[in-house]
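Residue numbers (the numbering used here), protein chains in the order written: chain H, 82 to 437; chain C, 82 to 437. Ideal Cβ placement from N, Cα and C applies to all residues, glycine included. On a predicted model such as this, the values are computed, not experimentally measured, just so you know. The structure appears right after this line, and notes come after that.
Okay, structure coming up:
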């Protein structure tokens, strides 16, 4: 095992959103300081971080200053510019690794990686032109979804194709970006598994949760997911295969479809994941502390679930419900301190707890 | 009910130790920012607070700046200079109230207050001179403990008297400070109850915990305390009487002795309390969030206990045990990020969890 990070060390976090915020709190709980690198001011993570370095990912001297001021670097989002990673990695270790980022930053590379591991994904085809898209539709079938290979999240950078008439506008919507066409598959539910791997190779998975999306945004995650025990085992084995193949260090979110033919991988996220927020009220060690433990070279913590939970995202005007939720005996609120309520913006989440 | 504090408001916290640290985290969880006022640099609370105003309690302009920058003020310790409170209260509300502070800052006033409420305390007598101390010994008996009325904590400012020969040195140890002689009482255990009261008058108590002290410092708190149901009820009624008498807003720690004649009040602390740290892993809403809820005018949260817990303080060299504790499946670690390990210094705590 690598040497565990000493008390009082500083963990650098790239990204100052709610994931960085909750990572900062978890790091503090274990006696670490945090430095958050984030271009935006008054970001959620800055409220609970020891330092907030406000600078652009193009600012090489700020990146160097950041790396020099921390002992290890992690991140809350995968779309970090490669040039920034080059600068940082020359100074301090980054966990999870560059390889995990390289794969998850590009849908095509990710799907190829998963397929090569022997895992099942939805039918897909690479699209670099309208002509490619026509060929891809012929291969994958309709309906289908066209997604840019890079920088898409929460339903952005996507176009749905129902008929051949949608081909031209869909390709136009990608603005020339390399894309992937994904075929629709028939699934009964969406689940995800939050898995962690430490530097010594130990792997620990949280119970799978059942996800409901609305408009491309996660609405609720319910644990336990109602799936057969065999699928539960499959989910763990599958997640471990991905983590081990990458010699991964940290927490990963793996989104899965439950189909009549078993599990199919939707996507992987090399970071703590929205569908793992239930662990804050359902486990002794939540996904944020688990990630920090892995990144800091500590042993992984106990992620056994001790309650049934429905995690509900509070999106936009859902914030109007906070006064009512504050009165509920089974609701644990987690608000992100975002200054402005916007439609579609994740403002917080609530864990509705049912104890056995 | 008063208007609840709006999202994004700032809560000012006087004191930057571990209690301020855990209050800051709880405030962030509810979407609030925090500003910590603390003379020391690199203090535990500063690592997770939005701002740290580093200044002395004698610095009136800094106090004014602090009060102007926050929406409401609370504190993590009771020995705040009166002059500072005068400055602050002229600008922003302080919860819990000045009256709670006035009483708990002075052992004599506190004992008189509790006695006047009809509660039982150990026999005591006011001591202002060696002659007073002789008379007090005659009244209270020996052995006894002499304590300064003000500014004592964790065994400091105290002298134990076994025989009459201890009278002169004990009084000398007080360095002329007004003091109280407390008689020893025969108790079977020490318990404490953490109680909260909101601005609308609602009261909520956590399950009593059983405390073990070593060298005047809390070593462990075990929940549930093994006491008869009638004493559990007495503890709740007694705490509510204290809170209501003060029209208290916030969390209070009430230390009690279990005696053959029922409960006897040892002392009250107008703040979150070390013996309530178990709530972080035993309740949906812990004592820190409960305090923030009260101070912010939110409804009190659900403090029902869902696990059996032994909270153990990590004092000084106990930090050497952290690597071992980190491996334990039932241990939840909470470290304070203090730069230097010192004998007798509280460095963190661990909640040993047993689920039913």
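| query | In chain order, what residues of the same chain lie with their CB nearer than 8 Å to the CB of residue 84 of chain C, ignoring the 5 residues before and after it? | reply | 378
| Under the DSSP definition of a beta bridge, which residues are partnered with residue 336 of chain C? | C/273, C/348
| said: Please classify residue 260 of chain C as buried or exposed, where buried requires at least 16 neighbouring CB atoms within 10 angstroms. | reply: buried
| In terms of residues, what are the limits of the alpha helix (DSSP H) holding residue 184 of chain C? | From DSSP, the alpha helix (DSSP H) with residue 184 of chain C extends over 179-185.
| 8 Å Cβ cut-off: residues of chain H touching residue 417 of chain C | 112
| Between the beta-carbon of residue 333 of chain C and the beta-carbon of residue 276 of chain C, is there less than 8 Å? | yes
| said: Run through chain H and tell me which residues come within less than 7 Å of residue 395 of chain C, C-beta to C-beta. | reply: Those within 7 Å of residue 395 of chain C in chain H number zero; the least Cβ separation is about 10 Å.
| request: Below 6 Å CB to CB, which residues in the same chain sit around residue 82 of chain C once its five sequence neighbours on both sides are set aside? | output: Legend: pLDDT at residue 82 of chain C = 43, less than 50; position of this residue unreliable, no value from coordinates given.
| message | Using 8 Å as the threshold, is the C-beta distance between residue 438 of chain H and residue 373 of chain H below it? | response | Summary: the structure shown does not reach residue 438 of chain H, with chain H confined to residues 82 through 437, and so no result is reported for it.
| query | At a Cβ cut of 8 Å, what residues of the segment 342-370 of chain H count as close to chain C, listed as they run along the chain? | reply | 362, 365, 366
| Sub-8 Å separation of residue 329 of chain H and residue 177 of chain H beta-carbons | Yes. Within cutoff.
| query | How about residue 431 of chain C: is its C-beta nearer than 8 Å to some C-beta of chain H? | reply | no
| query | Hey, residue 431 of chain H and residue 414 of chain H are a contact pair by Cβ (cut 8 Å); roughly how many whole angstroms apart? | reply | 5 Å
| query | Would a check of beta-carbon distances place residue 305 of chain C closer than 8 Å to chain H? | reply | no
| message | Measuring only the C-alpha atoms, how far is residue 338 of chain H from residue 186 of chain H? | response | 21 Å
| DSSP beta-bridge partners of residue 28 of chain C | One cannot answer for residue 28 of chain C here, as it falls past the ends of chain C, which runs 82 to 437.
| request: Check the Cβ-Cβ distances between residue 313 of chain H and every residue of chain C, and say whether any is below 8 Å. | output: False, the Cβ-Cβ gap to chain C never drops below 8 Å.
| query | Does DSSP put residue 423 of chain C in a helix, a strand or coil? | reply | Residue state, collapsed to three classes: coil.
| task | Report the residue from H/393, H/349, H/340, H/348 whose alpha carbon sits nearest the alpha carbon of residue 360 of chain H. | result | H/393
| request: Alpha carbon to alpha carbon, how far is residue 122 of chain H from residue 136 of chain H? Give it in angstroms, no decimals. | output: 9 Å
| request: Can you grab the Cα-Cα spacing for the pair residue 274 of chain C / residue 193 of chain C, in whole Å? | output: 20 Å
| Cβ-based burial, residue 347 of chain C [other Cβ within 10 Å; buried from 16] | Taking a 10 Å sphere around the C-beta of residue 347 of chain C, we find 16 or more other C-beta atoms and assign the residue as buried.
| Are there 16 or more other CB atoms within 10 angstroms of the CB of residue 444 of chain C, so buried, or fewer, so exposed? | Outside the modelled stretch of chain C, which goes from 82 to 437, sits residue 444 of chain C, for which no answer is possible.
| request: Pick out the complete alpha helix (DSSP H) segments inside the segment 204-268 of chain H, 4 residues or longer, and give them in chain order. | output: For the segment 204-268 of chain H, the full-length alpha helix (DSSP H) segments reaching 4 residues or more read 211-221, 248-254 along the chain.
| request: Flag residue 82 of chain C as yes if its beta-carbon sits less than 8 Å from any beta-carbon of chain H, otherwise no. | output: Confidence is the limiting factor: at residue 82 of chain C the pLDDT is only 43, short of 50, which leaves the residue's position unreliable and the question unanswerable from this model.
| query | How far does the beta strand (DSSP E) with residue 358 of chain C in it reach, from first residue to last? | reply | Note, residue 358 of chain C: premise wrong, no beta strand (DSSP E); not H, not E.
| message | My output table needs one value for residue 118 of chain C: the three-state DSSP class, helix, strand or coil. | response | The answer is strand: DSSP assigns residue 118 of chain C an E or B state.
| Can you tell me whether DSSP reads residue 164 of chain C as helix, strand or coil? | helix
| request: Identify each residue in the segment 379-403 of chain C for which the Cβ-Cβ distance to at least one residue of chain H is less than 8 Å, and report them in chain order. | output: Residues 379, 380, 382, 383, 385, 387, 388, 400, 403.
| request: Go ahead and label residue 342 of chain C buried or exposed: buried means 16 or more other beta carbons lie within 10 angstroms of its beta carbon, across all protein chains shown. | output: Note on residue 342 of chain C: under 16 other CB atoms within 10 angstroms of its CB, so exposed under the neighbour-count rule.
| Within chain C, partners of residue 241 of chain H - CB distance below 7 Å | Against chain C, a Cβ distance below 7 Å from residue 241 of chain H picks out nothing, because the smallest value is about 35 Å.
| request: Can you pull the chain C residues whose beta carbon is under 8 Å from the beta carbon of residue 88 of chain H, in chain order? | output: 400, 403, 416, 418
| field | The beta strand (DSSP E) enclosing residue 134 of chain H, as first and last residue numbers | value | 132-134
| request: Scan the segment 276-290 of chain H for residues whose Cβ lies nearer than 8 Å to a Cβ of chain C and list them as they occur along the chain. | output: none
| task | Anything in the segment 97-112 of chain C with a Cβ closer than 8 Å to a Cβ of chain H? List those residues in chain order, please. | result | Listed by position, the residues of the segment 97-112 of chain C near chain H (Cβ gap below 8 Å) are 102, 105, 106, 109, 110, 111, 112.
| Do residue 206 of chain C and residue 262 of chain C come within 8 Å of each other at the CB atom, strictly closer than that value? | yes
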